[in-house]
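Novice: I'd like to ask you about the structure that follows.
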Amino acid sequence: RWILSRFNRVAQQMQEALETYRFHEAAHVVYHFFWGEYCDWYLELIMPRLLSDEREQARTAYGNLISVFEASLRLLSPFMPFITEEIWHALYDGKPALQSIALASYPRVNPGQLDAAAETEMAILQDLIVSVRNIRAELKVEPKQKLAVEIFAGDDVRGLIERNRTALERLANVDGLTFAPSSLAKAGGARSTTRFDVRVLYERKIDAAAEKE
């Protein structure tokens, strides 16, 4: 729901930008979608489904992955004509239905696939994962070290986190999740947003003798 909605939202924004000759804006929008959302977030999120023993689930995930990828190549084609042409032919094993990607229809928005709720929920989840990553970086925690987190949130956001617990644990390297009964805004090392408070439960061991030296 999220990736299809974001793709259609981007197709709509690009259509509006291209019709008014704002080529730089169209390029900016498609770049951040493909690199930031499709490659950076979507691929990481669906990796467990692609590797799942439930083959039907894996086939569905793979189908969505390729469908959005192929459509993204068509979005990128005017800005990166040569590399998209090569990859597009490879996608069809050198036997595409058309002679060139330039002859394929340019993606247009499908209003039925726009899903504001999915985009909002995903934005909250991304914000939470990035917050945990930033706290870990500030505490200088080893990248491979798994840590527990504590979260304070309303029932709707708490339900969202519960449904996506696996994604949070994997992408933020979390091992152990608890919900706080009250705000963590004043807790040391916590991050607060309008949707949630989060803190990483971590106690760094200090070599007192080395620090004194």
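Taken in order, the sequence shown gives residues 59 to 271; the numbers are from our numbering.
Each residue gets a CB set at the ideal place from its N, CA and C atoms; glycine is no exception.
If you're wondering where the values come from, they're calculated on a predicted model, not measured in any experiment.
1. Going by DSSP in three states, THR236 sits in which element: helix, strand or coil?
2. Tell me the DSSP bridge mates of ILE187?
3. Can you say whether SER135 is buried or exposed, counting buried as having 16 or more other CB atoms within 10 angstroms of its CB?
4. Assuming contact is defined by CB atoms lying nearer than 8 Å, are ALA119 and ILE104 in contact in what I supplied?
5. What three-state label does DSSP hand PHE65 in the structure shown?
6. In terms of alpha-carbon separation, which member of GLU177, ASP173, ASP151 and PHE137 lies closest to ALA160?
7. Excluding the 5 residues preceding and the 5 following PHE92 in the sequence, name in chain order all residues of the same chain whose CB lies nearer than 6 Å to its CB.
8. Can you list, in chain order, the stretches of the alpha helix (DSSP H) that have 4 or more residues and sit fully within the region 132-220?
9. Which whole-angstrom value is the C-beta distance of SER63 and GLN184, which I expect to be below 8 Å?
10. Exposed or buried, ILE124, counting other C-beta atoms within 10 Å across all chains shown (16 or more means buried)?
11. For a quick check, are the C-beta atoms of LEU235 and ARG223 less than 8 Å apart?
Specialist: This is what the structure gives:
1. strand
2. DSSP lists no partner for ILE187.
3. buried
4. yes
5. helix
6. PHE137
7. SER130
8. 139-149 and 174-196
9. Contact flag wrong, Cβ pair sits at about 14 Å.
10. exposed
11. yes
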